[in-house]
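Chains as they are written, first to last, in this note's numbering: chain A, 178 to 459; chain B, 319 to 548.
Below: the structure, in structure tokens.
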Ligand SMILES: Nc1ncnc2c1ncn2[C@@H]1O[C@H](COP(=O)(O)OP(=O)(O)O)[C@@H](O)[C@H]1O
Ligand SMILES: [Mg+2]
């Protein structure tokens with residue numbers, strides 16, 4: 178093992194440019210994941226706050242008997258997706274509108290606003306599709322005039338989040354495969370440069386695993402360094418955005434560690450594939 | 319300990335290198351393998367240390383058979399053998415002692431064992447004073463001694479030498495042969511390939527002669543057919 182580590186570290190000195198290139202591409206790969214991951218994360222966090230306010234509001238036809246609405250209220254509250262349903266009288270609606278609109282409240286005449294049933298969705302059922310489904314179900318009641326919910330902008334936010342996630346994954350995977358290829362060719366050159374040494378190792382009875390281990394360590398170390406670099410870049414990007422644009426959230430520690438380990442894994446993968454292929458030629 | 323049973327080796331590009339070779343080598347023997355260049359000597363040695371596998375027939379070394387050996391049996395076998403070549407195959411960027419230590423390191427020997435063992439081996443081959451030299455600072459004979467020390471590092475039962483004196487002058491050749499004799503006296507079997515017939519006659523050891531891929535003479539059975547090994 179000592180020998181394997183020594184050889185792995187020597188490899189960095191033997192090919193400093195290629196090593197730096199390998200580390201950088203892994204870093205870019207993970208940085209792409211990280212950057213778009215941060216966008217997705219922050220949109221998600223924003224959505225959680227928005228979603229908590231997501232309501233379906235069903236306006237009720239004037240003159241609907243109270244028994245009818247209160248039965249319906251019970252039914253709606255019993256929907257599995259629904260957290261609560263409550264009756265809002267025209268007076269309460271006016272009150273709320275006044276509070277929300279402040280100085281313009283005078284434009285409202287009492288009686289201008291219809292009564293409504295305000296429905297709050299359970300956590301986990303606040304995505305556009307579910308909200309819409311519930312709204313449509315409520316719309317089927319005869320006494321319901323119109324149903325409103327924040328469909329458009331919720332959907333838009335969702336779409337941005339999905340796009341950010343997708344872009345992050347595509348860019349990240351592209352860089353990751355470039356990294357695997359670069360690491361692979363670095364390892365190939367290292368294997369060929371050490372062909373004589375490897376043949377002597379074989380001659381004196383070194384196992385394939387032993388011969389392979391310095392190359393694997395080399396790859397994993399590069400990946401680890403790339404991962405740390407990516408984490409640093411992501412943190413930097415995050416703090417710049419937080420300072421100049423808006424206060425953005427950063428990954429939690431578990432996710433950061435997983436990202437760095439993913440770097441090590443990319444490096445390990447690149448070298449494992451290459452070393453397996455090229456040891457056969459030596 | 320080493321047994322060839324009807325061994326044939328065909329190379330895809332160059333054709334038949336060995337045909338129907340059977341032989342038997344015992345523990346502690348000293349055997350010369352001789353014959354003209356291209357006869358198949360190196361191929362026989364490569365079959366012994368599993369660098370090549372027979373096309374037909376079986377090569378058995380100790381309890382490892384070419385017919386059943388798997389990838390991980392190869393290093394296991396090589397630790398029981400030592401191999402030296404005409405061109406020494408030393409690592410040029412390492413000192414003499416590092417070259418010898420290398421053979422111990424790759425088999426996972428602890429550092430506390432490696433140090434003393436390397437200096438004992440270098441003393442044994444007469445190079446105690448050159449431990450920190452680089453290979454290029456040594457004569458051919460000295461480099462071959464380093465290679466022999468490395469081959470002995472894992473206490474092999476057999477030392478395989480392919481033309482070990484091929485690059486050496488007379489004096490160095492005699493020195494290396496004396497060293498091999500000493501090693502053999504200590505109990506290690508030696509199989510040495512050489513195209514130098516004179517050299518094999520001088521020593522009085524067993525001689526196997528190959529020609530065009532066939533075993534044509536075995537001094538252990540001078541009258542019988544060369545295929546008597548089975
Ligand atoms: N790896 C190889 N590939 C193809 N042909 C080979 C290979 N090794 C040896 N041969 C052929 O096998 C024959 C015997 O070679 P070798 O055993 O090296 O002879 P020797 O050691 O007696 O000089 C030669 O004709 C040589 O060309
Ligand atoms: Mg030869």
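We treat Cβ as the ideally placed atom computed from N, Cα and C, and that holds for glycine.
From a predicted model like this one, the values you see are computed outputs, not experimental measurements.
Of the candidates 375(A), 321(A) and 413(A), the residue whose Cα lies closest to the Cα of residue 246(A) is 321(A). Here residue 352(B) is actually not in contact with residue 327(B); their C-beta atoms are around 18 angstroms apart, not less than 8 angstroms. At least one heavy atom of ligand 2 lies less than 7 angstroms from the C-beta of residue 359(B). Within 7 angstroms of the C-beta of residue 507(B) there is not a single heavy atom belonging to ligand 2. For residue 377(A), the nearest beta carbon of chain B is closer than 8 angstroms to its own beta carbon.
For residue 472(B), the residues of chain A that pass the 8 angstroms Cβ criterion are 381 and 382, in the order they occur in the chain. Between the alpha carbons of residue 355(A) and residue 411(A) lies a distance of about 20 angstroms. The criterion of a C-beta distance shorter than 8 angstroms is not satisfied by residue 209(A) and residue 400(A). For residue 532(B), the secondary structure class from DSSP, reduced to helix, strand or coil, is strand. Remark: three or more beta-carbon pairs, one from each stretch, lie closer than 8 angstroms, so the region 517-530 of chain B and the region 343-350 of chain B are flagged as touching.
Pairing residue 529(B) with residue 357(B) gives a Cβ-Cβ distance under 8 angstroms. If only uninterrupted beta strand (DSSP E) runs of at least 3 residues are considered, those enclosed by the region 327-357 of chain B are 333-343 and 348-352.
In this structure residue 407(A) touches residue 436(A) by the C-beta definition: roughly 7 angstroms separates them, less than 8 angstroms. Comparing alpha carbon positions, the residue from 540(B), 427(B) and 469(B) closest to residue 507(B) is 469(B).
Residue contact check for residue 387(A) against chain B: a CB pair falls below 8 angstroms. Secondary structure at residue 476(B): strand, using DSSP grouped into helix, strand and coil.
With a cut-off of 7 angstroms, the C-beta of residue 335(B) is classified as near ligand 1, since at least one heavy atom of the ligand falls inside that distance. For residue 465(B), the Cβ stays outside the 7 angstroms cut-off from all heavy atoms of ligand 2. Residue pairing of residue 323(A) in beta bridges, as defined by DSSP: 236(A).
If you look at residue 179(A), you'll find it isn't in any beta strand (DSSP E); it sits in the alpha helix (DSSP H) that goes 179-191. According to the DSSP secondary-structure assignment, residue 296(A) is paired through a beta bridge with 233(A) and 262(A).
Taking the Cα positions, residue 456(A) is about 43 angstroms away from residue 216(A). Taking residue 263(A) as the centre and dropping the five residues before and after it, the same chain places the C-beta of 295 closer than 6 angstroms to its C-beta, in chain order. Unbroken beta strand (DSSP E) runs of no fewer than 3 residues, entirely contained in the region 451-527 of chain B, are found at 476-480 and 507-512, following chain order.
Put simply, of 395(A), 233(A) and 368(A) the residue whose alpha carbon is nearest the alpha carbon of residue 299(A) is 233(A). Per DSSP, the continuous alpha helix (DSSP H) segment holding residue 406(A) begins and ends at 385-421. Between the region 442-449 of chain A and the region 423-432 of chain A, the count of Cβ pairs shorter than 8 angstroms is below three; the stretches do not touch. Taking 8 angstroms as the cut-off, the Cβ atoms of residue 443(A) and residue 206(A) count as close.
Annotation: residue 401(B) is outside any alpha helix (DSSP H); the continuous beta strand (DSSP E) that includes it extends over 399-403.
Straight through space, the alpha carbons of residue 255(A) and residue 302(A) are spaced by roughly 14 angstroms. The C-alpha of residue 489(B) is placed about 17 angstroms away from the C-alpha of residue 464(B). Among the CB atoms of chain B, none fall inside 8 angstroms of the CB of residue 184(A). Rounded to whole angstroms, the Cβ separation of residue 384(A) and residue 390(B) is 7 angstroms, and the two are in contact under 8 angstroms. Residue 480(B) has its CB nearer than 7 angstroms to a heavy atom of ligand 2. Across the region 374-399 of chain B, CB contacts with chain A closer than 9 angstroms involve 389, 390, 392, 393, 394, 395, 396, 397, 398 and 399, in sequence order along the chain.
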